[in-house]
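Worksheet for the structure shown next.
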Amino acid sequence: DSGVTQTPKHLITATGQRVTLRCSPRSGDLSVYWYQQSLDQGLQFLIQYYNGEERAKGNILERFSAQQFPDLHSELNLSSLELGDSALYFCASSGGLAGAYNEQFFGPGTRLTVL
Amino acid sequence: GENVEQHPSTLSVQEGDSAVIKCTYSDSASNYFPWYKQELGKRPQLIIDIRSNVGEKKDQRIAVTLNKTAKHFSLHITETQPEDSAVYFCAASSPDSNYQLIWGAGTKLIIKP
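Those sequence lines, one after another, are chains A and B.
Sequential numbering from -19 applies to the first sequence in our numbering.
Sequential numbering from 21 applies to the second sequence in our numbering.
Okay, structure coming up:
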């Protein structure tokens, strides 16, 4: 158990719908990262927050948005869902910036299925 | 910006043999290189990392080597075991890119019994 929690574990929805994925980082971790992993694919970095502020953006679609709240939990909002959005969405956290020698701890992921 | 290429995409080795996965990076200012392992159906986990002021780091059967001149780093697994079967991701970060981790595409390691 990494200490990072994600809800829900599974989500099945229809095209055109909107969903919200939630992540609670490890206690004390200020950085939160969101990744998308499609079947048999690599980790696609979406977005990073540090202490409530957006820090870096990756290949995140305009239909997707995220935020980090004062209690440091984060939410990823996916709207106008398409079949291709079906994937495993990971949240990760680190104490400082992951690229500055800090280990990233990944949550168990949310499996999104768009029908 | 930084770009990380990882090879091979799939590697199949006999149990007990060694496995080597190589990553190349583009930003000469990169100074941190972690490796993550993702077992089937599980989350990625850090297995080893290396900083640019070190040429090699070992942890039991795994080691990472860094060649700053050639801008590549490699993961070495000796005496492979079935539990080494997984997808391995390399990454690199640079202070010039705000310490953002740039990930390789991953290598699927298959250990044949």
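For every residue, glycine included, the Cβ atom is placed at its ideal position computed from N, Cα and C.
Fair warning: this is a prediction, and the values are worked out from it, not measured in the lab.
**Study point:** Under 8 Å between C-beta atoms of B:Ile68 and B:Lys77
**Key:** One-based indexing of the second sequence puts residue 68 of chain B at position 48. One-based indexing of the second sequence puts residue 77 of chain B at position 57. Taking 8 Å as the cut-off, the Cβ atoms of B:Ile68 and B:Lys77 count as close.
Exercise for review: Check the Cβ of B:Tyr108 against every Cβ in chain A and list those closer than 9 Å, keeping chain order.
Suggested key: For this step, residue 108 of chain B is matched to residue 88 along the second sequence. What B:Tyr108 touches in chain A: nothing, since even the nearest Cβ is about 11 Å away.
Check your understanding: For chain B, is any of its Cβ atoms less than 8 Å away from the one on A:Tyr81?
Key -> Here residue 81 of chain A refers to the residue found at position 101 when the first sequence is read from its first residue. Answer yes: the Cβ-Cβ gap between A:Tyr81 and chain B drops below 8 Å somewhere.
Review point. Under a Cβ-count criterion, where at least 16 other Cβ atoms within 10 Å of its own Cβ denotes burial, should A:Gly22 be classed as buried or exposed?
Key: Numbered from its first residue, the first sequence carries residue 22 of chain A at position 42. Around the beta carbon of A:Gly22, 16 or more other beta carbons sit within 10 angstroms, so the residue counts as buried.
Point to revise | Between the CA atoms of B:Val107 and B:Gly124 - distance to the nearest angstrom | key: In the second sequence, residue 124 of chain B corresponds to position 104, counting from 1. In the second sequence, residue 107 of chain B corresponds to position 87, counting from 1. Going by the C-alpha atoms only, they are around 11 Å apart.
Point to revise | Contacts that A:Pro88 makes with chain B (C-beta to C-beta distance below 7 Å) | key: Mapped onto the first sequence, residue 88 of chain A falls at position 108. Per Cβ cutoff of 7 Å: Arg63.
**Study point:** Closest Cα partner of A:Tyr69 within the set A:Tyr81, A:Ala36 and A:Ile40
**Key:** As a working mapping, residue 69 of chain A is identified with position 89 in the first sequence. Looking from the CA of A:Tyr69, the closest CA among A:Tyr81, A:Ala36 and A:Ile40 belongs to A:Ile40.
Review point. Along chain A, which residues have their Cβ under 7 Å away from the Cβ of B:Tyr119?
Key: Start at 1 with the first residue of the second sequence, and residue 119 of chain B comes out as number 99. Neighbours of B:Tyr119 in chain A, taken as residues whose beta carbon is under 7 Å from its own, are Leu77, Gly79 and Ala80 in chain order.
Check your understanding: At a Cβ cut of 9 Å, what residues of the stretch 10 to 44 of chain A count as close to chain B, listed as they run along the chain?
Key -> For the stretch 10 to 44 of chain A, which is checked against every Cβ of chain B, the residues closer than 9 Å are Tyr13, Tyr15, Gln17, Asp20, Gln21, Gly22, Leu23, Gln24, Phe25, Gln28, Arg35, Ala36 and Gly38.
Review point. From the beta carbon of B:Ser113, is the nearest beta carbon of chain A less than 8 Å away?
Key: The count along the second sequence starts at 1 and reaches residue 113 of chain B at position 93. Residue-level contact check: B:Ser113 touches chain A, since one or more beta carbons of chain A fall below 8 Å from its beta carbon.
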